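Structural data, given as structure tokens:
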């Protein structure tokens, strides 16, 4: 066979797998948003059947042969996209085939069982019941790392699954720098006499009004409702099966509209990335989104860099006041801006503000690192957790439920995922800085609700690039620099010194 | 291998296919109810990928070997359910494997193309453009019949696909009898001086009230919302992926609430059949629903035998009047009952009442029969259609759009489907008659809104029987008789002589 033929054969196989995965994503969305509660056992069986088919296709030896044939004959006939598809397919094939079936099954079984154990342990504030799950995962994930990336440190192999190319060698010094800067900032803010008034954010906000507002702003940002939808689920997420079918969810509380509004903005950031993927390339790896951190950079770009900024708050304030006149009668745009940017150490990561959030992440990163390096023991985690919380945020959780047991990640074996959140925050800030340089009118545009140039810039620079470059290279191509925490630190210092009227060294 | 092993192997394969088919059903529902419009091309590709997998599994030679092994050794080790699963699997395997791939592809291609041609031809009232599609289908479906059931008459083989065991030899005399009885009835009714007042059924009916009413009645009938849902789509249908996940749809018009209410009742009838299937047997053929006609008998049982009956109308009338007081201020329960049972010949099948409906079906049956027997020519269909409409219903469509082009069935090659609608109506009536005999309190129960004994009877006698018996045998087991049109004719005569105050001979 010629290279072209091998390549066509490869693409056909990859597209089939991608489409079956798309179906899996639709089932996942349906399960969270639409499925009747009594169908959960049925759905598990359906998902298992489809997962079996996908696994069979992804590990098909004929796919392996096809990849070998292409690997041996890299030629000028193949362009950048083709080479990317081959490279990505090779990586996926290795990930799928290098791990013994026994280990795959044991991990799947532990994920499923671990979830239930964690739910109960969290409810009952009983870490001891959950500890064996973590221990077992560490053992299996260590073994897994040796099969997948024998040359990597164990924790690096786990990080690489979510944030390809990223290692402790890069992350640790950046996180150390963040600690050095953020801990004193938080201390200063916390001990400052004047705290912004946030009382007006609590009240009664009719759900249909919240929904209309969230949809309006999502549409303004550029979410394409002809290729997507917004629904309600217990936990907000961005799902869907393809750039033409992107589905985000949120949840509405009558007592607080900011939470759901900003979660819609966050998920719309993810959604714009998905809708902007270069699917004209076909349903192939090159058209897919990059790492978890880069995805998070897109949601945080819109949520924090734009929607928590002054121009955005000032632009939408009159709209918000018109919708909820009772709550905002005697509030100014500036007060609203300050209220949604309040910095306050709290126990729960997902509710944290943009200054304290990185410390929640760093704490988890240090624990995971210590566990994989055997410098920490699982049984000591509650104590270590609470000590680090005290050291970083000055507060101590009253229970493990509000401490070490709060996140679901470890119950499913997702070690190495947490750093992506803060890497995303730094990417977002670095991207925003480049945008301001390249489009000096950006803040004026935001102040007018004109997001089209921003979306176009993200589409061109990031979304349409698919997987052609590594995250590292993409950041460099977009910003002209490697990842640096400087922009993030400067941004936080400028913004919060102004909000709190303090000076940070 | 032992028989038990072969059988376990078979079940595993059948359950995988059933679960993948369940996923396909979820995708179908999603496409009609949830999918963003821009995702249609994506969805087609996903469906094609999954259909390819299902076809591969359903025609797997290893499945064939497994079936052969079981066929050769029918033994006492296997019970009724096991033998049913083997029999059904054998039939499906033959249906899937007997037809040459070329013919499968040509039929699929023509179905997809035919749909588009029909839509345009109907819009433009241009039968000539659609005629070649019918001609080609007749040729392919004749060829198909020879592969699938070489011993059957061609049209019988097509009928058998939807209504297994039913042939022209059974249908023709029954339909002749219906013609003899119904045509004069319609004539008498149409020329009767007094027609029921239906004007109050038109008005303004708020959608949220309609929805609440429809859901209430569906729940009263026994629809289990923990294993199902009701949504909105362009055309009402009953879908979903499993007895634990049954999804019905309707559409609401503000000008008329009866249409959507009775469509919800109709689809709930289908849904109760699906929810009542014996899925504790596993995801195997024995647990599936029987023929199209039997399914239709369940929807018509609730829609016509129950919900268009006097006890039902009288029971819900006060509820309806309380919800829509403006429309029903000066209307009585009896007037409402008469209005929803008006008999009036019209051009469109799907809007027909229960007396004229069978004639729409018989007309189509006679045309299909004539086409397969070569006694009718496709080019003559518009003329034949209009002549038969005049003869059976006394009216002539002003255009082919309202005549021969009105139904989508032929555009997808579904020849032999139409008889099921009227077979279903007759089964429904025959079942209802048996129920009245076995549970003499039935009408009193309906008058109190107590449907539990009725649902329990249907569950026991029909739904829980899955595919253990043929439709013919099931009808016999339930009613003690073979299918007969007598109950249906007597029912119509009694009911409409009372409504119109006339005597039918």
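Residue numbers (this note's numbering), protein chains in the order written: chain A, 89 to 593; chain B, 89 to 593. All C-beta atoms, glycine included, are put in the ideal place defined by N, C-alpha and C. None of the values given here were measured: they were computed from a predicted structure.
Check                                                                                                                                                                                        : Outcome
Leaving out the 5 sequence neighbours to the left and right, which residues in its chain are closer than 7 Å to residue 177 of chain A when beta-carbon positions are compared?              : 98, 102, 155 and 373
Going along chain B in order, which residues have a C-beta closer than 8 Å to the C-beta of residue 108 of chain A?                                                                          : 134, 137, 138 and 141
Interface residues of chain B around residue 467 of chain A at Cβ under 7 Å?                                                                                                                 : In chain order: nothing, as chain B lies at least about 41 Å away.
With 16 other CB atoms within 10 Å as the buried threshold, where does residue 570 of chain B fall?                                                                                          : exposed
How long is the line joining the alpha carbons of residue 170 of chain A and residue 371 of chain A, rounded to whole angstroms?                                                             : 13 Å
Using a 10 Å radius around the Cβ and a threshold of 16 neighbouring Cβ atoms, would you call residue 528 of chain B buried or exposed?                                                      : exposed
So with CB distances below 8 Å, who are the chain A contacts of residue 115 of chain B?                                                                                                      : 111 and 114
Less than 8 Å between the C-beta atoms of residue 331 of chain A and residue 363 of chain A, yes or no?                                                                                      : yes
Which residues does DSSP pair with residue 336 of chain B in a beta bridge?                                                                                                                  : B:318 and B:326
What are the complete alpha helix (DSSP H) segments, minimum 4 residues, inside the region 373-436 of chain B?                                                                               : 380-388, 398-411, 413-416 and 421-427
Give the residues of chain A in contact with residue 315 of chain B, contact being defined as C-beta atoms less than 7 Å apart.                                                              : 124, 126 and 127
By the criterion of Cβ-Cβ separation under 7 Å, what are the contact partners of residue 104 of chain A in chain B?                                                                          : 137
Extract the residue ranges of the alpha helix (DSSP H) inside the region 490-532 of chain B, only unbroken runs of 4 or more that lie entirely within it.                                    : 507-526
Between residue 578 of chain B and chain A, is there a C-beta pair that is closer than 8 Å?                                                                                                  : no
Starting from residue 344 of chain A, follow its DSSP beta bridges and name the residues at the other end.                                                                                   : A:341
The alpha helix (DSSP H) with residue 121 of chain B in it runs from where to where?                                                                                                         : 91-121
Ignore the nearest five residues each way along the sequence and tell me which others in residue 105 of chain B's own chain have a CB closer than 8 Å to its CB.                             : 142, 145 and 146
Measure the Cβ-Cβ separation of residue 506 of chain B and residue 452 of chain B and say whether it is below 8 Å.                                                                           : yes
I'd like to know whether the C-beta of residue 377 of chain B is nearer than 8 Å to at least one C-beta of chain A.                                                                          : no
Of the residues A:243, A:497 and A:472, which one's Cα is nearest the Cα of residue 206 of chain A?                                                                                          : A:497
Between residue 329 of chain B and chain A, is any beta-carbon pair separated by less than 8 Å?                                                                                              : yes
Below 7 Å CB to CB, which residues in the same chain sit around residue 541 of chain B once its five sequence neighbours on both sides are set aside?                                        : 527 and 533
Counting only C-beta atoms, is residue 130 of chain B closer than 8 Å to chain A at any point?                                                                                               : yes
Distance, Cα to Cα, residue 254 of chain A vs residue 135 of chain A?                                                                                                                        : 32 Å
Measuring from the CB of residue 142 of chain B, is there a heavy atom of the ligand MN at a distance below 7 Å?                                                                             : Although the ligand MN was asked about, the structure shown includes no ligands whatsoever.
Apart from the five residues on each side of it in sequence, which residues of its chain come closer than 6 Å, Cβ to Cβ, to residue 319 of chain A?                                          : 121 and 337
In whole angstroms, what is the alpha-carbon distance linking residue 334 of chain B and residue 128 of chain B?                                                                             : 23 Å
Identify every run of the alpha helix (DSSP H) within the region 210-236 of chain B, keeping only runs that are complete inside it and at least 4 residues long; order them along the chain. : 215-236
With H, G and I counted as helix, E and B as strand and the rest as coil, what does DSSP make of residue 124 of chain B?                                                                     : coil
Counting contacts by CB-CB distance shorter than 8 Å, is residue 118 of chain B in contact with chain A?                                                                                     : yes
Taking C-alpha atoms, which residue in A:351, A:220, A:581 and A:409 lies nearest to residue 303 of chain A?                                                                                 : A:351
In chain order, which continuous runs of the beta strand (DSSP E) of length 3 or greater are located wholly inside the region 157-209 of chain B?                                            : none
Kindly list, in the order they appear in chain B, the residues whose Cβ is closer than 8 Å to that of residue 332 of chain A.                                                                : 124, 126, 127, 129 and 130
Output the distance between the C-alpha atoms of residue 410 of chain B and residue 489 of chain B, rounded to the nearest integer angstrom.                                                 : 40 Å
Along the alpha helix (DSSP H) that carries residue 272 of chain B, what are the first and last residues, could you check?                                                                   : 256-278
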